[in-house]
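Notes to accompany the following structure.
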Amino acid sequence: MLYRNRPDKLDRPLSLVVTGLILWFISNYYPFLTLVIEGRSQETVLFTGIVRLYGQGQLSLAVLVLLTGMVFPLLQLVGLVYVLLPLRCGAVPPYMAQVYRWVRYLQPWSMMEILMLGILVSLVKLAGMAEVVPGPSLFAFMALIFVIPAATVAIDTNGIWERSPLQMEK
Amino acid sequence: MGTLPLTNGKVTAFSAGLVSCHSCHLVCRPVNDDIDRRPLCPRCGASLYQRKPASLARTWALVIAAMIFYIPANMLPVMQTISMGKVQSDTILSGVIYFVLTGSWHIALIIFVASILVPLAKLLVLVYLLLSVQFRSIKHPKDRTRLYHMMEAVGRWSMVDIFAVTVMVGLVRMDAMASVDAGPAGFYFAAVVVLTMLAANCFDPRLIWDAVEEYK
């Protein structure tokens, strides 16, 4: 069987996806902005905002932001590792085509870059009123805007489809 | 599934009973021996269909629902700021005006385009595409297809306002001094974005070309 993808061609998308995963954890663990008003400071992570939305009675909004801002991006990255890592090691993971199919379905619903823009907008709005300090994960978010599209572009989609076994019924 | 007659000696995949999987693009000829089960792609498991099922009906339903939600989304406040006992309600539009008045016109432009222009444009484009297909228009199919793909790509960016509100809610929570609450418009606006995204997903752009094919 002839393979168009040599294992070393998978290095770039795989390393980008792993970078993306690391950045995901950083951006959700460390605060991205700190607000300072009259000596009191408040910092935040996306999850805090989500929980507060829920507390304000906005359940559906909280769930939507949770899914599009945190869960779906994570699932995408994990799914891509599941597909790319075994391929890099020369094996085909079970249900590879199905997993990759769902990764692609999630693509438009995975909105971390849009979240980044939202953070920027809030930054500008608040900067006019109080002191706003960028947090450590702000840079993680900025990096993610480049890493995720770079990973998407680097993946040889056709190569993945071609490597998937055909399951003929009956 | 109906078959179109051969035209100009050219065979279309549609008329040959061939299906390209919408997910992995494997080309198959599905065999429908079991009517209850829809054929699945042997490679990736996606359901196979020549055209998206009930495309027009589903797209219309979603577009109409989105149009209904569009009104409260823009009229109700999307964010309420409480500082030193003073309550300030902001709709999406008043938020844009605030940015203009405080000098950040670039942000005002981003919000205006993403949260007011884009959802409206999506609705108008979808209605236009739906009507053009239902009236079997054969004009500018390439442009209409491009219009569809541009609209589909841009739609999700309207969510920027929702994320901005979430960030503000999460950040400004010094109860006595200042706090931000998400307003009722948040739900309706998010609904508009989600519904238009789903509507664009349900619309099959190949329908645009079916009318052109019939004409030949």
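In order, the protein sequences belong to chains A and B. Numbered according to the numbering used here, the first sequence spans residues 246 to 415. Numbered according to the numbering used here, the second sequence spans residues 347 to 562. For every residue, glycine included, the Cβ atom is placed at its ideal position computed from N, Cα and C.
Alpha-carbon to alpha-carbon, residue j and residue i
{"i": "ARG490 (chain B)", "j": "ALA499 (chain B)", "result": "14 angstroms"}
{"i": "MET505 (chain B)", "j": "ALA454 (chain B)", "result": "15 angstroms"}
{"i": "GLY265 (chain A)", "j": "LEU325 (chain A)", "result": "11 angstroms"}
{"i": "LYS415 (chain A)", "j": "ARG375 (chain B)", "result": "Because LYS415 (chain A) carries a pLDDT of 43, less than 50, the predicted location of this residue cannot be relied on, and the following value inherits that uncertainty. Using only the alpha carbons, I get a separation of about 15 angstroms."}
{"i": "GLY501 (chain B)", "j": "HIS495 (chain B)", "result": "10 angstroms"}
{"i": "ILE414 (chain B)", "j": "SER440 (chain B)", "result": "21 angstroms"}
{"i": "ARG384 (chain B)", "j": "SER393 (chain B)", "result": "6 angstroms"}
{"i": "ALA407 (chain B)", "j": "TRP354 (chain A)", "result": "21 angstroms"}
Endpoints, the beta strand (DSSP E) within which residue i is located
{"i": "SER382 (chain A)", "result": "Note, SER382 (chain A): premise wrong, no beta strand (DSSP E); alpha helix (DSSP H) at 381-399."}
{"i": "ALA524 (chain B)", "result": "524-528"}
7 angstroms Cβ cutoff, residue i in contact with chain A
{"i": "PRO418 (chain B)", "result": "no"}
{"i": "PHE509 (chain B)", "result": "yes"}
{"i": "GLY516 (chain B)", "result": "yes"}
{"i": "ASP527 (chain B)", "result": "yes"}
{"i": "CYS548 (chain B)", "result": "no"}
Cutoff 7 angstroms: residue i Cβ touching any chain B Cβ
{"i": "ARG408 (chain A)", "result": "no"}
{"i": "ARG333 (chain A)", "result": "no"}
{"i": "ALA385 (chain A)", "result": "no"}
{"i": "ARG257 (chain A)", "result": "no"}
{"i": "PRO394 (chain A)", "result": "no"}
{"i": "PRO353 (chain A)", "result": "yes"}
{"i": "GLN321 (chain A)", "result": "no"}
{"i": "ILE282 (chain A)", "result": "yes"}
{"i": "ALA342 (chain A)", "result": "yes"}
Of the residues the options, the one placed nearest residue i, counting alpha carbons only
{"i": "PRO418 (chain B)", "options": "B:VAL518, B:THR405, B:GLY529", "result": "B:GLY529"}
{"i": "PRO394 (chain A)", "options": "A:PHE384, A:VAL366, A:GLN352", "result": "A:GLN352"}
{"i": "ARG408 (chain A)", "options": "A:MET315, A:PHE384, A:GLN343, A:TRP347", "result": "A:GLN343"}
{"i": "LYS398 (chain B)", "options": "B:LYS562, B:TYR444, B:ILE554", "result": "B:ILE554"}
{"i": "ILE390 (chain A)", "options": "A:ALA372, A:MET356, A:PRO379", "result": "A:MET356"}
{"i": "GLY384 (chain A)", "options": "A:SER260, A:LEU278, A:PRO410, A:LEU255", "result": "Looking at the sequence provided, one finds Phe at residue 384 (chain A) rather than Gly. PHE384 (chain A) has its Cα closest to that of A:LEU278, out of A:SER260, A:LEU278, A:PRO410, A:LEU255."}
{"i": "PRO276 (chain A)", "options": "A:THR397, A:LEU298, A:GLY373, A:GLN287", "result": "A:GLN287"}
{"i": "ASP256 (chain A)", "options": "A:TYR345, A:GLU376, A:ALA307, A:LEU332", "result": "A:LEU332"}
{"i": "LEU544 (chain B)", "options": "B:TRP451, B:PRO465, B:VAL433, B:MET421", "result": "B:PRO465"}
{"i": "ILE508 (chain B)", "options": "A:PHE292, A:GLY363, A:ARG285, A:VAL348", "result": "A:GLY363"}
{"i": "ILE400 (chain A)", "options": "A:LEU322, A:ALA388, A:PRO381", "result": "A:LEU322"}
{"i": "MET387 (chain A)", "options": "A:ASN403, A:LEU360, A:VAL369, A:GLY404", "result": "A:LEU360"}
Range of the contiguous alpha helix (DSSP H) that encloses residue i
{"i": "ILE484 (chain B)", "result": "Note, ILE484 (chain B): premise wrong, no alpha helix (DSSP H); not H, not E."}
{"i": "GLU358 (chain A)", "result": "357-372"}
Could you run through the stretch 480-508 of chain B and flag, in chain order, every residue whose CB is less than 9 angstroms away from some CB of chain A? GLU498, ALA499, GLY501, ARG502, TRP503, SER504, MET505, VAL506, ASP507, ILE508
Using Cβ-Cβ distances below 8 angstroms, what residues of the stretch 366-378 of chain B are close to chain A? SER369, CYS370, HIS371, LEU372
Going along the chain, which residues of the stretch 440-457 of chain B sit with their C-beta nearer than 9 angstroms to a C-beta in chain A? GLY441, TYR444, PHE445, THR448, GLY449, SER450, HIS452, ILE453, ILE456, ILE457
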